[in-house]
Amino acid sequence: MALSRRQWNNIIIVASVVMVGLLTLLDKHTHDTPKATVPLFDNGAQLQQLQLAGIWMARNGQGAWQCDEKVLNCQQWVNHWLQIRVSPLLEAPPQDAFGKPQELLLQLTDHEAQVWLLFAEHGLLKSAAGNWYQIPPSIRTSLQPLLSAAPHAS
Numbered sequence: 043m044a045l046s047r048r049q050w051n052n053i054i055i056v057a058s059v060v061m062v063g064l065l066t067l068l069d070k071h072t073h074d075t076p077k078a079t080v081p082l083f084d085n086g087a088q089l090q091q092l093q094l095a096g097i098w099m100a101r102n103g104q105g106a107w108q109c110d111e112k113v114l115n116c117q118q119w120v121n122h123w124l125q126i127r128v129s130p131l132l133e134a135p136p137q138d139a140f141g142k143p144q145e146l147l148l149q150l151t152d153h154e155a156q157v158w159l160l161f162a163e164h165g166l167l168k169s170a171a172g173n174w175y176q177i178p179p180s181i182r183t184s185l186q187p188l189l190s191a192a193p194h195a196s
């Protein structure tokens, strides 16, 4: 049984409507972060300075951010850290498969500096108090600074 030109057009129209509906549905659900995420920094505890494996960012006296001279994407790196959302973990994850963590020094407003541990490969943060947090996969790579290849002159 051969299909007429009109039947083929109807099939194409129906398939297009279904495809647009599916893509819209997927778009609504993939841009959202998990519902159980919370901001790491809030208005009561704003980030003032961060040092990740010897590379730093800091808020100056005027409130503007400055980064280590090796960082090429300073503003993007700062924005990703300021807007980071994490999921608190109820139990400590098994650490047998973890590599060496990066030290993360955080200075918040009106607080002493704290040393956290960042397991970048697994998207895990361990607070100074021993609490564990999961970083959503979509933002893990943006938390690492883009560094220049030029050697640092002292």
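In case it helps, the numbering used here puts the sequence shown at residues 43 to 196. Glycine included, every Cβ here is placed at the ideal spot set by N, Cα and C. Here the structure is a predicted model, which means the values were calculated and not measured.
Worksheet entry | Q117 (DSSP reduced to helix, strand or coil) | helix
Fill in: Backbone secondary structure at V60 - three-state DSSP
helix
Worksheet item: If we count the other Cβ atoms within 10 Å of its Cβ and call it buried at 16 or more, is W50 buried or exposed?
Response: exposed
Worksheet item: With a CB to CB cut of under 6 Å and the five nearest residues on each side skipped, what residues in its chain are close to A95?
Response: Q144
Item to complete: Look at L146 and L160 and say whether their C-beta atoms are less than 8 Å apart.
Response: It is a contact, given that the beta carbons lie within the stated cut-off.
Worksheet item: Mind checking if S169 is an interface residue toward chain C, Cβ cutoff 8 Å exclusive?
Response: Reference to chain C is not applicable here, since this structure consists of a single protein chain.
Worksheet item: Should L131 be listed as close to the ligand ADP, given that the test is whether its C-beta is under 7 Å from any heavy atom?
Response: The model on display carries no ligand, and the ligand ADP is accordingly not part of it.
Worksheet item: With a CB to CB cut of under 6 Å and the five nearest residues on each side skipped, what residues in its chain are close to C116?
Response: C109
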